[in-house]
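Chemist: Structure in C-alpha cells, see below.
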Amino acid sequence: MGYYDFCENASDIIGCFCTLVLAYKGHREGRVVQDFGTSLIVELTNGREIEVSRDEIILDD
Numbered sequence: 008m009g010y011y012d013f014c015e016n017a018s019d020i021i022g023c024f025c026t027l028v029l030a031y032k033g034h035r036e037g038r039v040v041q042d043f044g045t046s047l048i049v050e051l052t053n054g055r056e057i058e059v060s061r062d063e064i065i066l067d068d
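Our numbering puts the first residue of the sequence shown at 8, with every later residue one more than the last.
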C-alpha cells in the first residue's frame with residue numbers, strides 16, 4: 008500500500024496512527040499530529056513528539 012493510497016490528501020493524515028520504520032529510542036508506534044508538507048510531527052506512545060520525513064513512517068490501517 009502506498010502512502011497516498013491510504014489518505015486522499017495530506018491533511019487527511021493528521022490523527023492517523025503510524026509506525027516508524029526505524030525505532031526512536033525504543034519506540035515505534037505513534038500518531039501524526041502535524042503536517043508540514045515534506046515532514047511530519049509524530050507523537051510517540053511515550054508522549055515525545057518528533058519530526059520525521061514522510062518516508063520514515065508507515066501509516067496503520
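Backbone N, C-alpha and C define an ideal beta-carbon position, used for all residues, glycine too.
Quick caveat: nothing in here was measured; it's all calculated off a predicted structure.
Which residue wins for smallest C-alpha separation from N59, given the options D67, G33, L27?
Modeler: Asn is not the amino acid found at residue 59; the sequence shown has Val there. That would be L27, whose Cα lies nearest to the Cα of V59.
Chemist: Inspect the beta-carbon positions of G3 and R38 and report whether they are closer than 8 Å.
Modeler: Look at the range of the chain in this structure, 8 to 68, and you will see that residue 3 is not part of it.
Chemist: I need the straight-line Cα distance from F43 to H34, nearest angstrom please.
Modeler: Linking F43 to H34 through their CA atoms gives a straight-line distance of about 22 Å.
Chemist: Give the single residue among I64, Q41, I48, I20 whose Cα lies nearest to the Cα of I57.
Modeler: I48
Chemist: For I20, which residues of its own chain have a beta-carbon under 7 Å away from its beta-carbon, when the five flanking residues on both sides are left out?
Modeler: C14, V39, D42, L66
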